[in-house]
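A.B. asks: For the protein sequence lines, the chains are A and B, in the order given. Heads up: the first sequence runs through residues 1 to 316, numbered per our numbering. Heads up: the second sequence runs through residues 317 to 425, numbered per our numbering. Below you'll find the structure I mean.
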Amino acid sequence: MKVSWQSCLPNQTLNFIYKSFLLFHGELNLPHPSFAMQERVFYLRLSTKPVKTIYLNIIFTKNLFMAEIVDLIDKIKRYYKFTPSELKGLVISIIVVAFIISFNDWGVGSVFDAKAGLLNFFNAILIVALSFLVHLSAQRVWALATGYRHEFQMWGIGLGVALVLSFITNGRAWLIIPGGFIVHHLAGHRLGWFRYGINYWAIGLIAFVGPLASIAFAAVFKSISGFVSNALIQKVIIFNVLYAVFSMLPVPPLDGSKIYFGGRMLYAFALPAIVVAGILLYIDIAVWIAALSSFLIAVILWLLYYVFFEKDYWRV
Amino acid sequence: MAGEFLFRDWAQFFFFVLMVAGIIIALAAPSAVISYMVIFISGMMAGRVMYWRQKRFHFAYYIVMVGFLIGYLIGTYYGSRKVIVILFALGAFLSYYLYDKKLLRDTLF
C-alpha cells in the first residue's frame with residue numbers, strides 16, 4: 001500500500017525534506033525527490049552507500065534532526081491543546097487536590113478563618129495547577145515527539161479516596177493521585193522507521209517523563225529556595241516530590257502502572273530514581289548532589305534487581 | 317487454598333475487607349460533618365462503580381458496597397445513621413446521574 005504524506009505534513013516540513021534531497025539526488029542517481037519524500041526510511045538506506053558516507057551521514061543526521069524539530073513544533077501547534085473533556089477533568093482534579101493540600105490552612109489551630117483559608121486555597125490552586133501543567137506538558141510533548149497524542153483522564157475513585165483520607169486525617173495525609181492518561185496513535189504523522197501503532201514500551205517512557213518533570217520542577221524551586229525561602233516555595237517542593245512519588249505507584253491508571261507494563265527493568269530503574277531524588281530534595285542537600293546520588297543509587301538498585309531477580313527469567 | 321477462595325469467593329472476601337475499612341474510617345471521622353462528607357464521597361465512588369457495571373450487572377459489587385455501608389454504620393460515633401444511609405444513596409445516585417449524562421468523565425484504570 002502506498003501512503004502519501006503530503007496531505008498530513010505542513011508545507012514547511014515538506015519543503016525542508018524536499019530541499020534536503022535536492023542537495024545530492026543528482027549525484028547519487030536517486031529517483032525524483034518526490035518519491036523519496038514518501039519514506040523517511042530512505043534516508044537511512046542511503047547512508048549505507050559507500051559514496052561519501054561520512055559527508056552524507058552528517059547531512060542526513062542534521063537534516064533528519066531539523067526535520068524532526070520542525071515536525072514536532074508543528075505537532076505541538078496542532079495537538080497540544082487540551083480538549084474540553086480533559087479541561088473539565090483537570091479543573092476538578094486541581095480543585096480537589098488544592099482543597100486537600102490546603103485543608104489544614106483554614107485558620108490557626110482550631111479557630112476557623114475564612115479569609116486566610118480562601119487565600120491559602122487560592123495559593124494551593126496556583127501550586128497544583130502549575131505542577132499539573134508541568135507534569136502533563138512534559139508527557140504531552142514527549143508523546144508528540146514519539147508519534148502519539150496524550151490525553152489526560154481524571155480518576156474519580158482516586159480523588160475520592162484522597163478526599164476521604166484527607167478528611168479522616170485532618171488534612172495531614174496528602175494522597176495525590178489525580179488520574180492517568182491514554183494515548184492516541186498519530187498514524188498520519190508517523191514518519192520513517194516506526195509505524196506499528198501503540199506499544200507498551202513507548203507508553204512507559206511517556207509515563208516516566210511526567211514524574212521526572214515533577215522532580216525537575218521541584219529541583220528548580222529547591223535551587224530558588226537557596227536565595228528566597230518562604231512557605232509557598234517549600235509547599236511547591238513538597239507537593240511536586242509527593243506528586244512524583246505517588247505517580248510511581250504501580251496502580252492503574254497512575255503513571256507507575258504504565259511504566260511497569262512498559263518494562264520491569266524500566267520500573268526497577270524509575271522507581272528508586274524518583275523516590276531517592278524525592279527524599280534527597282526534601283532534606284537539606286544541594287540539588288546537584290541529589291540528582292547525581294539518585295541516579296547512582298537507581299543504577300545500583302537496577303543492577304541488583306537484574307542480578308537477583310530478572311536474570312533468571314531471561315535465561316532460555 | 318487461600319488463592320482458590322479469593323478467586324471463587326472474592327465478593328465475600330471484599331465484603332469483609334470493606335466492612336472493616338468502613339468501621340475504621342467511621343471511627344476515624346472526628347465530627348458528624350466530616351462523617352457525612354466522607355459517606356457522601358463514598359456514595360459517589362459507589363455510583364461510579366455502579367455506572368461502570370450498568371451493562372453487565374454483577375450482584376457481587378453491590379454486596380461489597382453494602383459491606384462498606386454496614387461497616388460504616390457500625391463504626392459511626394457522631395451523627396445520625398439514617399442521614400448516613402440517605403447521604404450514601406444520594407451520593408451514589410448523583411454520581412451515577414452525572415456519569416450517565418456524560419457530565420463527568422473519568423477512567424477507572
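C-beta: ideal position from N, C-alpha, C; glycine also. Model, not experiment: these values are computed from the prediction.
1) Residue range of the beta strand (DSSP E) that Tyr148(A) falls in?
2) Determine, using beta carbons only, whether Met154(A) comes closer than 8 Å to chain B.
3) Tyr415(B) and Arg364(B): beta carbons closer than 8 Å?
4) Which residues in chain A have a C-beta closer than 7 Å to the C-beta of Phe425(B)? List them in chain order.
5) In terms of residue numbering, what span does the beta strand (DSSP E) encompassing Val183(A) cover?
6) Give the interface partners of Val164(A) over in chain B, defined as CB-CB distance under 7 Å, in chain order.
7) Could you list which residues in chain A have their beta carbon closer than 9 Å to that of Ala345(B), in chain order?
8) Is it the case that the CB of Lys371(B) approaches a heavy atom of the ligand MG more closely than 7 Å?
9) For the segment 187 to 269 of chain A, list the alpha helix (DSSP H) runs that are entirely contained and at least 4 residues long, ordered along the chain.
10) May I ask you to report which of helix, strand or coil DSSP gives Phe112(A)?
11) Does DSSP put Trp106(A) in a helix, a strand or coil?
12) If you draw a straight line from the alpha carbon of Met1(A) to that of Ala187(A), how long is it in whole angstroms?
13) In chain A, which residues lie with their C-beta within 8 Å of the C-beta of Met361(B)?
14) How is the alpha helix (DSSP H) around Asp416(B) delimited, first residue to last?
15) Phe356(B) and Leu419(B) look like a contact to me (Cβ under 8 Å); what is the Cβ gap, rounded to whole Å?
16) Evaluate Ile400(B) with the Cβ neighbour count: other Cβ atoms within 10 Å of its Cβ, from every protein chain shown; 16 or more gives buried, anything less gives exposed.
17) Taking contact to mean at least 3 C-beta pairs separated by less than 8 Å, is the segment 97 to 112 of chain A in contact with the segment 136 to 147 of chain A?
18) Step through the CB atoms of chain A and report whether any lies within less than 8 Å of the CB of Leu350(B).
C.D. replies: Reading from the atomic positions:
1) Tyr148 to Met154
2) yes
3) yes
4) Pro252 and Pro253
5) Gly179 to His185
6) Ile341, Val354, Ile357 and Ser358
7) Phe167 and Ile168
8) No copy of the ligand MG appears in this structure; indeed no ligand is present at all.
9) 200 to 225, 231 to 247 and 255 to 262
10) coil
11) coil
12) Low local confidence applies: a pLDDT of 40 at Met1(A) is under 50, so the model's placement there is unreliable, with the coordinate-based value given in what follows. So the alpha carbons of these two residues sit roughly 14 Å apart.
13) Gly156, Ile157, Gly160 and Val161
14) Arg397 to Asp416
15) Not confirmed; about 17 Å, so no contact.
16) buried
17) no
18) According to the sequence displayed, residue 350(B) carries Ile and not Leu. Chain A contact via Cβ: present.
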